[in-house]
Ligand SMILES: Cc1ncc(C[n+]2csc(CCOP(=O)(O)OP(=O)(O)O)c2C)c(N)n1
Ligand SMILES: Cc1ncc(C[n+]2csc(CCOP(=O)(O)OP(=O)(O)O)c2C)c(N)n1
Ligand code: SF4
Ligand code: SF4
Ligand code: SF4
Ligand code: SF4
Ligand code: SF4
Ligand code: SF4
Ligand SMILES: [Mg+2]
Ligand SMILES: [Mg+2]
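Residue numbers (the numbering used here), protein chains in the order written: chain Y, 1 to 352; chain Z, 1001 to 1352; chain A, 2001 to 2082; chain U, 3001 to 3082; chain P, 4001 to 4261; chain C, 5001 to 5261; chain H, 6001 to 6183; chain S, 7001 to 7183.
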């Protein structure tokens, strides 16, 4: 199964209620798979091709506000169009899953894989102070696994969750173990689990309101404080990452997604050559695995951030490391994937 | 004159060819002023109310691609809608001026002044690796001055320039000295100065193309490298900032825009109280005044970033300082402006 | 002879004095008060006898300020109208 | 007797073998080649005499592959057509 | 509530004589609209409909930005606040996921006919089973009276201070007629709330719209030509008169597309 | 160029006998379109028009994403590449700033009728002095054959693998008829390029559109119903036949709005 | 000299334009000025206030939390701004609609019944000029010549015939303001 | 065992599906597999290639710059991928349309004229299976049973009647491949 298809199938299995999307390479297979699979007949899941990405994200807003498990997917330019909607979702604290199968930018750019939407995802491409939980799958298996995980986190914290993938992960096939089917929630369950949702007012409660508007500054500030507090809780509880060969490493590579796959291989090769190389792979980009980095910051000769971008995640590494060790960046752009040779050469430069 | 009006008048005086915008508080006065002023009769400048912010930014794209001095303005949610367009402008290397009179977010938020779109402006709210030159006016005078400066930089580097203002600066009145009228460029001048512009092909040249598309990864990577090289040149040449009382300061406030105004007052008060406080005001947010900060990093007890946000610019400060001194953040949100008392108290905390 | 008699009640604190109701009353029995309400508006009052309970005023009132009653003018009610 | 004679030239490297031209030729004088061009397509050829220079083929060709000529069939041209 | 009960026939003010009272589905908060603004009346008619059809548990409203952004403060139904122009997309999302619910949007002319054009046209084209309430006051009320797509030719607004000129800004856009051409719309009508008779007609139209939703007929589209006293800089009474004289010739009241049985 | 010059009458291949040759405004690069795709023909007709009207120095084209995103590689005019759906906004920007230039957009059905609906409607409503070339092939060609707003009922695409169903996806959207209702459009027509006769008619329509621009008449809107052999999974010949039989009944060819003298 | 003033009241009371006239007059007197409104939400009505600063030095912050003078025209504003007057500063208020009169002892309190006076004069429109007159009596920081020029500058030409009336109102305001002892 | 393969040719040659069958067959043999296409631009035609990895260990990177085996089906791919074969590795190519034959001395080079053969057999569609057969002859990393299962898995049920034909093609491919000395 292709990564994109695994993600689509996993959405059905996760009990997702609705997918709203618009075609764009390299992720159109997600909607195509869903349309061919007709999940309406399997679970009752709705799949709708919207007139644009803006419509998609706002259909998601509507569905999420009504307590449903809803998602959309797109690739870089389409995700840029969603930025207002994402800021609204964050402001109104609505749970949903948004998939970005990143391609090279800026502008129309190229359709080849890239990681240059990191800032947009974790710093906030939309306006205002907000965060999304951002998960970065690095295998077809994780493309499948992160859908249910995404929904769980989204509802636990009432927050939009971004799955930040890229064209390579989306297009490749690997063995994948699919999760078991979860049931979709009934209206009654939604009313109980998400008492804030606009499902229709019953006599025993006031009308539910989904909004991000606060005409009064002090109310808005209080709302912002609560958001920030929530983000802090998330930072404390939801960091996910994977380490390999870090314990004795002289240099640790930091990479996620496709570049983490290359880095795995680079570590294998380097270890063969006797270079003590490790890999720390952030799985959640927000929250960023700060503690893990700090742990190694004073032990290693340096960190090398390997990205398919001009250098974005490297800033988050530097923010954590605060000068305690060298932090270098090696990036390729425009859809080009770094090679193991290039990585190892950069590691050698860092050591010397 | 209100800040927004001064900016509008300055656009006419700067020889701006076209303004395309959509109403949103707190910046609607910009278009209202222009409509009342009828610059078509003064300089031939076009003012058009578009059907949306997306249309506005794409009208700007069209005009900029044809070599004209064009601009738009909006406030936070509207700017989020422009992110795809901004990424395209950056990718196609088109010069233009975009004004964001920031209000409190996320979502619909509040219409009161805020500084929570810093990340969006300087890290890239759109997709891909790109930068905009970002200028932060802190007075009505600068609202007026930065329009012509913005156009100059935009054309010098073929880059979109963001004027990052806020509701307070936009709504306040102060004395302002308006610049003298600059002529608009003739078509002939445009053909000479901007030989890349799509003005209509003459027999002696190939067709001009405005695009950000590169189907081939290596071409796209090369394009990205050139963009990064350009950004480096800008970092080397276009840093703008203002210092006051930094020379002997124990603590330096870092603030821009409205919060820099409050900080000025806080410095006055603190100096009266015998506290050695200084203020370093970044005028260009990208490029960020790194060298100036480094200069003081080892002299002071700490930097205090005063922002109307949960803490955004403070990350850029930390990235520069790399642990060499304390870096603290004091922020208010949701449209609330920090007070001098609060700032001074935070300074005291930093010292102890 | 069963005559119709009507009556309205006005939530004066919510009235904004837009006078749309006054314009629409077929029997001209409502008018603006001299006083202001808490919001600083002159408010609408029933000024004379003769309301026929047609509810025009209530229907047109954007702020939902008016409640309308109507009764057949017989029995002891008739006395009152008389 | 001035008969019309026509002739076409084909930029065979750009032809994509879509056969739209063949469908549209009123006198059926064009057909696909057996060979491939550099792009791997069979390309269109003038296969027989009798082209009347109507330009249908050129007009319909999406790839602008065909150039059409036409002459009155008199003088030494007539000889050729004869 | 402080009711002023007058002496005149106040004795008949007993429940059995009640002719008209605000529906309890309108909250008791004072409306934030300007005196005489039609938004309040239209809110009330929708809430009366929901009450009369007894569909509160299954009704979800959507109010995007515009003067009625606070609709959720006044209407007793569940309400989502939408980004500018996107109400129809939200409505689509909700209605597809809850096909048996009553989903309505409440949109101004700036919202529905400018920034939201694509969402409006496509929801109508897909025939989403929703009610679209379109309050056309020919201006951007909330943001201080800028020109809307529906602003009349020659009409002065803060962004057309010398009157809307066709050559710069085009003609007023008749979205209602436009969507009536789409097969996905089932019932399309234009009403007003400036006289009691019109209020009653508007109420009927709104009720019909919701009833058609029950029968899954697709889009019911109800335009309400309304006033904006503040934006037009007129008293409410003058505004209504101006509306009759100027808006209605351009936006004639009545049904535009009615269900053929 | 490697021309194969055949023996048959090749002696008449001299300039004075030339009947038809590709306009030099079409670059010599091989087109990137699939064999038989109408895009190439339509490109050529526009370039012929520009050549014949001798307006190269004053013509600016706009090609958004879609199969024709590379139009700038093939057309000899200055060209801007637009974000998906935004060609009409770019055209507005350019045309307002250069009122004497010829600005045309070249848009697919996904571009013009889905994501770009608002920009299209509003440019048409404002009556921008531009030419809109609308290539309707009922599908998203570039991205691999997904359903477009203009996809026919029952038509199979990669996102309607069991055929477009009206109840889920609505009816095909007839944007051309829709914009013809707007006062800002001056000339609205629907043509095709699947036979020489139709090509010649289409050429006339395109030329007329550019001539009307010269006279500042507002929007000239030319729809070209075209094929997408790859998306439809047919040979070019079959595709054209299918188009005649299925597309034209739904999208009848001919003028929809013609200038009244 | 730096004078930091807040003027606060209802939307319709001419609060912003009073501030504007003061600011323009300051400019005429070659002072540095700043005028910073609290702009309301995207809705009608409600309260309005404006911070005006006049100074012969560069003005650091246009937004303040403490003021030399507060001019207060309704109860909400009293609740909000009484506390913000600097010790030794001045509070001027119109008693119309005021239910809780100011109570601070460390400031000087003046009262001006401008609303009543405007009613009496039949000059509702210049209510705010009466208040301005009162303020100028207490703090004559700009002279009347420059006020005249400020009026000229801030009123559109078509209203210039009203300047005399405005000036009359200012003079009247100077007459009717009086100091009160805090209750 | 880890086998890293690149298969490269024109869009229409069945490059991706050859890779897919190999990958599915690997799964049937309980190997770890990865299949990574170079997906083309949003346009038709052009070249296509796919990286297939079969291994009995976890596969680190699905994207490689060096390969154990390169299967090359047109000149462009030859130009691009000849260099990427690891020293000691294998290059298999179909000579149809090849103008510059491979020249490396440090690898083993095999040639398979599958295009001609497919033409002869009248089985253009299974051209790619002939090539696959050739590869399996040289590197029998999956057995024919599992290839059968892989075909079953990767072909939609409605094409299962074609499996026999595919297997015939594989067998034929095994017969016609031969090693060449670099020119
Ligand atoms: C993206 C975005 N753009 C602009 C605005 C500002 N805005 C708020 S409401 C509105 C238009 C209001 O007009 P209308 O929809 O006609 O409603 P009305 O207030 O007249 O009832 C605008 C432009 C916004 N909130 N968001
Ligand atoms: C914002 C955005 N969304 C989606 C895409 C992907 N995309 C490119 S072209 C296209 C549609 C192409 O269809 P059409 O406009 O009909 O042109 P055609 O290829 O059929 O000629 C899409 C969805 C994109 N490039 N940008
Ligand atoms: S219509 Fe309503 S708000 Fe208006 S004056 Fe009458 S009662 Fe008051
Ligand atoms: S109910 Fe009718 S008659 Fe009575 S006050 Fe109202 S409008 Fe007048
Ligand atoms: S129409 Fe053109 S491309 Fe097609 S076969 Fe004929 S010459 Fe070749
Ligand atoms: S010009 Fe006419 S007759 Fe000659 S080959 Fe072409 S279509 Fe046939
Ligand atoms: S501004 Fe206009 S639309 Fe808004 S509440 Fe006031 S009158 Fe109504
Ligand atoms: S995909 Fe369709 S529209 Fe695109 S080039 Fe091929 S045939 Fe033409
Ligand atoms: Mg409106
Ligand atoms: Mg298409």
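Even for Gly, the Cβ is constructed at its ideal location relative to N, Cα and C.
DSSP state of residue i mapped onto helix, strand, coil
| i | result |
| --- | --- |
| residue 2036/A | strand |
| residue 4017/P | helix |
| residue 2082/A | A caution first: residue 2082/A carries a pLDDT of 33, below 50, which makes its placement in the model too unreliable to give a value. |
| residue 4037/P | coil |
| residue 5136/C | strand |
| residue 1033/Z | helix |
| residue 7042/S | Caution applies to residue 7042/S, whose pLDDT of 39 falls short of 50 and renders its modelled position unreliable; the value that the coordinates give is listed next. If DSSP states are grouped into helix, strand and coil, residue 7042/S belongs with coil. |
| residue 1330/Z | strand |
| residue 5045/C | helix |
Candidates the options, of which the one nearest residue i by Cα
| i | options | result |
| --- | --- | --- |
| residue 4235/P | 4191/P, 4090/P, 4037/P | 4037/P |
| residue 274/Y | 127/Y, 76/Y, 285/Y, 245/Y | 245/Y |
| residue 5134/C | 5060/C, 5009/C, 5192/C, 5018/C | 5192/C |
| residue 42/Y | 53/Y, 15/Y, 52/Y | 15/Y |
| residue 111/Y | 142/Y, 92/Y, 74/Y | 74/Y |
| residue 170/Y | 7034/S, 7030/S, 7006/S | 7034/S |
| residue 2060/A | 2032/A, 2069/A, 2018/A, 2047/A | 2018/A |
| residue 2020/A | 2065/A, 2069/A, 2071/A | 2065/A |
| residue 1053/Z | 1068/Z, 1037/Z, 1093/Z, 1099/Z | 1099/Z |
Cβ-Cβ separation, residue j to residue i (assumed contact under 8 Å), whole Å
| i | j | result |
| --- | --- | --- |
| residue 5159/C | residue 5113/C | Not really, about 15 Å apart at Cβ, beyond 8 Å. |
Item to check | Positions along the segment 1114-1128 of chain Z whose CB lies within less than 7 Å of some CB in chain Y | outcome: 1116, 1117, 1119, 1120, 1123, 1124, 1125, 1126, 1127, 1128
Item to check | In chain order, each alpha helix (DSSP H) run of at least 4 residues that lies wholly inside the segment 4048-4090 of chain P | outcome: 4071-4074
Item to check | Any beta strand (DSSP E) of 3 or more consecutive residues that is wholly inside the segment 221-274 of chain Y | outcome: 241-244, 251-254
Item to check | Segments assigned beta strand (DSSP E), at least 3 residues, entirely inside the segment 1118-1184 of chain Z | outcome: 1133-1135, 1160-1166
Checklist entry - Given a limit of 8 Å on CB to CB distance, which residues of the segment 1297-1312 of chain Z reach chain P? => result none
Item to check | Sequence ranges, beta strand (DSSP E) only - wholly within the segment 4182-4207 of chain P, length at least 3 | outcome: 4185-4192
Next on the checklist: Closer than 7 Å between beta carbons: that is the criterion. Which residues of the segment 4224-4252 of chain P meet it against chain Y?
Outcome noted: none
Checklist entry - Name the residues in the segment 1333-1352 of chain Z whose C-beta lies less than 8 Å from a C-beta of chain H; which are they? => result 1337, 1339, 1340, 1341
Next on the checklist: So if I threshold CB-CB distances at 8 Å, which residues from the segment 5162-5186 of chain C count as touching chain Y?
Outcome noted: 5162, 5168, 5169
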